[in-house]
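Protein chains: 2
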Amino acid sequence: MKHVNLNSQNSVFMAITENKKSRTLVNLIGVPSLLFVMWQGGYWFIGVFTALILLAALELSDLVRQQKGNPLTYLLMAGLIGLIFAQLCEGAIDQISILILVGLLSLCVEIFRGEDKPLLNMATVNFGMIWLGLLLGSLISVRLIPEHGFTITVAMFVSVWTCDTFAFIVGSKFGKTKVLPSVSPKKSWEGSIAGLVGAILFMLILFYNGAFGDWLCLTDVIAIGFITGGFSQLGDFAESLLKREAGVKDTSDYLQGHGGILDRFDSLAIAAPLTYLYLQYMSLI
Amino acid sequence: MKHVNLNSQNSVFMAITENKKSRTLVNLIGVPSLLFVMWQGGYWFIGVFTALILLAALELSDLVRQQKGNPLTYLLMAGLIGLIFAQLCEGAIDQISILILVGLLSLCVEIFRGEDKPLLNMATVNFGMIWLGLLLGSLISVRLIPEHGFTITVAMFVSVWTCDTFAFIVGSKFGKTKVLPSVSPKKSWEGSIAGLVGAILFMLILFYNGAFGDWLCLTDVIAIGFITGGFSQLGDFAESLLKREAGVKDTSDYLQGHGGILDRFDSLAIAAPLTYLYLQYMSLI
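Here the protein sequences come in this chain order: Y and G.
Under my numbering, the first residue of the first sequence is numbered 1259, with each subsequent residue one higher.
Under my numbering, the first residue of the second sequence is numbered 1259, with each subsequent residue one higher.
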């Protein structure tokens, strides 16, 4: 028994090392590539993020399959492409029409499939259109903001990463009071607040170094800090909740040690739409 | 045993008579009221159909509760009001923003609820926004079409009713080949085709009596006949599928012998958005 235990401890240790290695590799390649794509904008950004959103749709389908559902993944993927297309070619078709068409098809096709969970299947396709297409898809809207698109996209990504890093460091050292142990057993209020402070601090550093020129005022910058450092953490919890229900650790291994697309972009699926809505309704775009 | 059987047969008979009575009553009051509301248009139509859509949201929640889900019904209802408001006051807020906000809230609030089926709950709210808000809500868009709104709304409703009636009469007499016995055991191809023919015939009668003036051509009228008589039947199957899964006969008894709102408006939730999209993309509105 001891031998077996040692072995399993060894293999856990090796798995962690392996995991760390592949995390470092993904970081080394992923982060610069992501920054390059953000810098390029246009079709580069749209292409890469369309691909990521489609992979996220596969992950959502997998989560639903864990609950004996079987959503129309290809319809969802076609619909997501349609939503992005409608965003880019406003004259041709609008996003509401795409949502209506996919909604109609999700109802009508399900009739002939004889699946066990038609409600879950229909609902997932429409949920995916909103969560992945409209929320995560807001990343594309943010990057396409004329003139300021690159700055605000990088600011958003890096402040979300800053939030994660502050939360992890402070949480690991001083984390005592759990936020929602039943959803994310490791997350503490100490870490969460540190993450929020970190994100706001990062936004302030950008602001006082003139990154936003005369576009955003101090209040705007703090508001966006609350979005990327505060609300974005809810995205992480929501995704953990879905994984916990499905009984999986990661939504996929597309990003090696980082898990899946949903694992990495859950915070941005909250931060991006809120940032966009904020800028839109404050008449800043 | 025989006594009990007789008794139960008696009560079934009485229930059917009672049901027929209340059906007749609902028809006698309901159909003229509905026509009056259609004729009035404006706030009358918007008010009544907003109320119906909200009742349908309660019915959808009940269907989900049969599967141990517990969706955020109030969020869905507030979101549906928001969608209708956005449609009427285009300058203030757009429908995509409402869908994004409700999507965000459905993810974020669910975290704190500790429910058994978070995925089903989140997905249902977003599904409801699309099915009830965008699809069934298209009824309001159709009625608000300038100049022709009343004509096309009445044409749509009455041709869907004609389809149902033809399908029922022919189906009961000659129905042999079942369409999808596992979903709707009673529906036959004979009935379905008769329904389609009836709806197209009704549209042609309107057309040749000049109901559409020079607005719609023969092709348009036949196309709308296919929508109200053909595709609309899929809405009925989809709703039956959800009821079958939930193990209920009617979605509610709001309309007495007619069942619930979803039972009565399932076909129109397909016919209205398709008619609207058809008119929109054929540049007829």
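Quick reminder that beta carbons are idealized off the backbone N, C-alpha and C, glycines included.
Buried or exposed for Ile-1356/Y, going by 16 or more other Cβ atoms inside 10 Å? buried
The segment 1368–1386 of chain G / the segment 1370–1390 of chain Y touching (three or more Cβ pairs under 8 Å): yes
So with CB distances below 7 Å, who are the chain Y contacts of Ser-1440/G? Gly-1372
Along the segment 1482–1506 of chain Y, what residues have a CB closer than 8 Å to any CB found in chain G? Phe-1489, Leu-1492, Gly-1493, Phe-1495, Ala-1496, Leu-1499, Leu-1500, Glu-1503 and Ala-1504
Which residues, in order along the segment 1303–1323 of chain Y, keep a beta-carbon less than 8 Å from a beta-carbon of chain G? Leu-1321 and Val-1322
What does the alpha-carbon distance come out to for the pair Gln-1353/G and Leu-1532/Y? 15 Å
Pair within 9 Å by beta-carbon distance, Leu-1377/Y and Val-1360/Y: no
What do you get for Lys-1431/Y, buried or exposed, if any count of 16 or more other CB atoms within 10 angstroms of its CB means buried? exposed
Would you tell me roughly how many angstroms separate the C-alpha atoms of Gly-1407/Y and Asp-1320/G, rounded to the nearest one? 44 Å
Could you spell out the range, first to last residue, of the alpha helix (DSSP H) harbouring Ser-1399/G? 1396–1401
Going by DSSP, which residues form a beta bridge with Lys-1501/G? Beta-bridge pairing links Lys-1501/G to no other residue.
Could you check whether the Cβ of Tyr-1536/G sits closer than 9 Å to any Cβ belonging to chain Y? no
Quick check: the Cα distance between Ala-1350/G and Tyr-1536/G, rounded to an integer number of angstroms? Using only the alpha carbons, I get a separation of about 27 Å.
Sequence-distant residues of the same chain with beta carbon closer than 6 Å to Ser-1525/G, five excluded per side: Val-1418, Ser-1490, Gly-1493 and Asp-1494
Per the contact definition of three or more C-beta pairs closer than 8 Å, is the segment 1508–1520 of chain Y in contact with the segment 1466–1481 of chain Y? Verdict: no, contact absent.
Report yes if the CB atom of Gly-1487/Y is closer than 9 Å to the CB atom of Gly-1456/Y, and no otherwise. yes
Since Ala-1527/G and Leu-1464/G should fall inside the 8 Å C-beta cutoff, what is the C-beta to C-beta distance between them, to a whole number of angstroms? In this structure Ala-1527/G is not in contact with Leu-1464/G, their Cβ atoms being roughly 22 Å apart against a cut-off of 8 Å.
Here's a check: name, in chain order, each residue in its chain whose Cβ is nearer than 7 Å to the Cβ of Ser-1364/G, leaving out the five neighbours to either side. Leu-1330, Leu-1333, Met-1380, Val-1383 and Asn-1384
Write down every uninterrupted run of the alpha helix (DSSP H) in the segment 1363–1399 of chain G whose length is 4 residues or greater and which is fully enclosed by it, in chain order. 1376–1386
Rounded to whole angstroms, what is the Cα-Cα separation between Ile-1369/Y and Arg-1502/Y? 30 Å
Out of Ile-1287/Y, Ala-1481/Y, Lys-1326/Y and Leu-1313/Y, which one is the CA nearest neighbour of Ala-1336/Y? Leu-1313/Y
Could you work out which residue in Asp-1422/Y, Ser-1396/Y and Thr-1282/Y is closest to Ile-1410/Y when comparing CA atoms only? Ser-1396/Y
Would you mind working out which of Phe-1484/G, Arg-1401/G and Lys-1444/G sits nearest Leu-1462/G, comparing C-alpha positions? Phe-1484/G
Here's a check: name, in chain order, each residue in its chain whose Cβ is nearer than 7 Å to the Cβ of Trp-1447/Y, leaving out the five neighbours to either side. Its chain contains Thr-1435 and Val-1437 as the residues whose beta carbon lies nearer than 7 Å to that of Trp-1447/Y, once the 5 sequence neighbours on both sides are disregarded; these appear in chain order.
Per-residue contacts from Thr-1382/G into chain Y (C-beta, under 7 Å): Simply Ala-1381.
Per-residue contacts from Phe-1385/G into chain Y (C-beta, under 7 Å): The answer, in chain order, is Met-1380, Ala-1381, Asn-1384 and Phe-1385.
In angstroms, rounded to a whole number, what distance separates the CA positions of Glu-1405/G and Ala-1530/G? 17 Å
May I ask which residues mark the beginning and end of the alpha helix (DSSP H) holding Lys-1431/Y? 1407–1432
On the three-state DSSP scale, how would you describe Phe-1446/Y? This sequence places Ser at residue 1446/Y; Phe is not what is there. It is a strand residue.
Rounded distance between the beta-carbons of Val-1479/G and Gly-1449/G, thought under 8 Å: That belief does not hold up - the Cβ atoms of Gly-1449/G and Val-1479/G are roughly 23 Å apart, past 8 Å.
Quick check on Ser-1399/Y: buried or exposed, where buried means 16 or more other Cβ atoms within 10 Å of its Cβ? The residue in question, Ser-1399/Y, is buried, as its Cβ has 16 or more Cβ neighbours within 10 Å.
Whole-angstrom distance between Ile-1311/Y and Gly-1391/Y, CA atom to CA atom: 8 Å
Indicate whether at least one CB of chain Y lies closer than 9 Å to the CB of Val-1360/G. yes
Bridge-paired residues (DSSP) for Lys-1436/G: Beta-bridge annotation (DSSP): Lys-1436/G is paired with Ser-1446/G.
According to DSSP, is Val-1289/G part of a helix, a strand, or is it coil? helix
With 7 Å as the limit, tell me which residues of the segment 1503–1529 of chain G have their beta carbon closer than that to any beta carbon of chain Y; keep them in chain order. Glu-1503 and Ile-1528
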